[in-house]
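Q: Our numbering numbers the first residue of the sequence shown as 10 and each following residue consecutively.
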Amino acid sequence: MHPYEILTVLDPAIEGDEAIDALLSRFVNVIVDGGGELENVDKWGKRRLAYEIDGNTEGYYAVITFRSESSVAAEVERIMKITDGVIRHLLVRRDA
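(1) With DSSP collapsed to three states, give me the class of E24.
(2) Could you check what DSSP says for E78 in three-state terms: helix, strand or coil?
(3) Start and end of the beta strand (DSSP E) containing D51?
(4) Examine the Cβ distances between the region 24–31 and the region 82–93 and report whether three or more of them are shorter than 8 Å.
(5) Should D51 and I73 be called a contact, given that it needs their Cβ atoms to be closer than 9 Å?
(6) Which same chain residues end up closer than 8 Å to E78 when comparing Cβ atoms and leaving out the 5 residues on each side of it in sequence?
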């Protein structure tokens, strides 16, 4: 298993912590169901974007750290690409 980190920026129009938690839990479930080990979910909250994305000047930032096989990481990234509410994401493999 390899260590990974995902930084995701969610649409600020998503209202309430429950809706944000539900969206993040979708990604966590893909990791756990694929045999990965969740290390941490760090919610940074709303922050100003460096530049406007899809008309948004703010975004809700969250970082998910986990260990998994590369196929699970690829599946999480695929799910993020097709999920409404995710305006940007970045998946990186951390040094062991």
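Backbone N, C-alpha and C fix where the C-beta goes; we use that ideal spot for every residue, glycine too.
A: According to the data block:
(1) coil
(2) coil
(3) 46–62
(4) Here the region 24–31 does not lie against the region 82–93, with fewer than 3 beta-carbon pairs under 8 Å apart.
(5) Yes; because the gap between Cβ atoms is below 9 Å, this pair is in contact.
(6) M10, H11, G43, G44, G45
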